[in-house]
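If you're matching positions, the sequence shown starts at 726 in this note's numbering and goes up one per residue. Before any comments, here is the structure.
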Amino acid sequence: MAINEQIADEVIKGQADAVKELVNQAISEEISAEDVLNNGLVAGMNVVSKKFKNNEFFIPEVLVSARAMTAGLDILNPLLAEANVKPKGKVVIGTVKGDLHDIGKNIVGMMLQGAGYEIVDLGADVPKEKFIEFARKEDTNVVGMSALLTTTMIYMQEIVQALKDAGLRDKVKVIIGGAPVTQAYADKIEADGYAPDAASAIDLAKDLLD
Ligand code: B1M
């Protein structure tokens, strides 16, 4: 089995130590960090999501898999940053208030970082005031919001309004994503773009900034 397949497999099984070991091995075999991220860690987590949807996995298993994936991400993070010397732009990213889901947001942040953008990760459960504070900073180009709950995605609209009220809406691009989010919703709240997955988020950032 190829090493990325083994990594995906260990993510699915929730074996953090094995994931760490295999990720280190892949790096020492000069497989790029981006390749390991996309074809090992993210591929594994995608299977976990499908199994959860099909009731083959329950929340505890998903959490253990998420922890295993994060253990791998921790190793890749500095390598992804190192590979790109000069950032192409600065993206402030967070999961909106009331929402604790941060796995997808972390992946999007990591992938954007890997694609050469500087990332400021505000974490999860982020209130609009914090997004505004960071949008105000001189070099911020993009505000990225993630939400996984239908009950929290509506808060994105409040953040867009807060950006308008603060006179910052024209200064930054707004991109949104997360399982319940759609292009139609992005249009409704006047976000600059929506991405269904991390790879599309990179394309979107490129379209908006490059
Ligand atoms: Co929760 N949860 N959860 N959960 N959880 C979902 C989202 C749910 C769909 C499960 C279900 O019922 N089928 C459901 C939401 C229903 C709804 O509102 N429509 C749900 C629920 C109900 C809840 C609770 C309310 C459960 C409860 O307590 N009763 C609770 C809420 C807590 C809270 O946030 N206040 C809750 C809690 C949790 C855990 C803490 C146990 C855990 C989160 C752990 C963590 O994130 N640290 C958890 C998990 C893991 C999930 C599922 C199983 C997986 C989410 C995930 O990580 N997916 C999820 C079911 C599912 O999605 N199948 C579910 C993998 C990840 C890679 O994908 O996040 O979609 P995703 O990110 C993708 C894209 O969406 C996109 O790119 C990413 C990578 O490709 N993307 C962006 C995401 N953000 C983006 C931002 C962008 C661009 C693209 O630009 C900025």
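Just so it is clear, CB atoms sit at the ideal spot from N, CA and C, and this is done for glycine as well.
Proximity of the beta carbon of Leu873 to ligand 1 is indicated: a heavy atom of the ligand is located closer than 7 Å. For Asp846, there is no enclosing alpha helix (DSSP H); the residue is part of the beta strand (DSSP E) that begins and ends at 843-846. Nearest Cα to Ala733 within the set Val787, Asp742, Val767: Val767.
At least one heavy atom of ligand 1 is found less than 7 Å from the C-beta of Lys778. Under the three-state reduction of DSSP, Thr820 is assigned to strand. In the three-state reduction of the DSSP assignment, Ile756 falls in the coil class, being assigned neither a helical nor a strand state.
Of Ser753, Ile800, Gly829, Asp890, the smallest CA-CA separation from Val787 is found for Gly829. Distance from the Cα of Leu874 is smallest, within the candidate group Phe782, Leu747, Asp827, Gln740, for Asp827. Within the chosen limit of 7 Å, ligand 1 does not reach the beta carbon of Met835 with any heavy atom. In this structure, Ile832 is the residue among Ile832, Glu759, Gln750, Lys745 with its C-alpha nearest to the C-alpha of Pro921.
Just measuring C-alpha positions, the residue of Gln731, Gly814, Glu755 sitting nearest Asn764 is Gln731. Residue Asp917 holds the alpha-carbon nearest to the alpha-carbon of Gly902 among Gly823, Asp917, Leu893, Lys896. Put simply, the backbone Cα of Ala891 is about 10 Å away from that of Glu858.
Ile914 is the residue among Ile914, Lys862, Ala904 whose C-alpha sits nearest the C-alpha of Tyr880. By the CB criterion at 8 Å, Ile818 and Leu847 fall inside the cutoff. Between the alpha carbons of Gly797 and Met835 lies a distance of about 12 Å. At a cut-off of 7 Å, the beta-carbon of Pro905 counts as near ligand 1: some heavy atom of the ligand is closer than that.
Contact check for Asp824 against Thr907 fails: the beta carbons are separated by 8 Å or more. Nearest Cα to Gln886 within the set Tyr910, Lys853, Asp864, Val867: Lys853. Using a 10 angstroms sphere on the CB of Phe782, the tally of other CB atoms reaches 16 or more, which defines it as buried.
The secondary-structure analysis by DSSP pairs Ile901 across a beta bridge with Met870, Tyr919.
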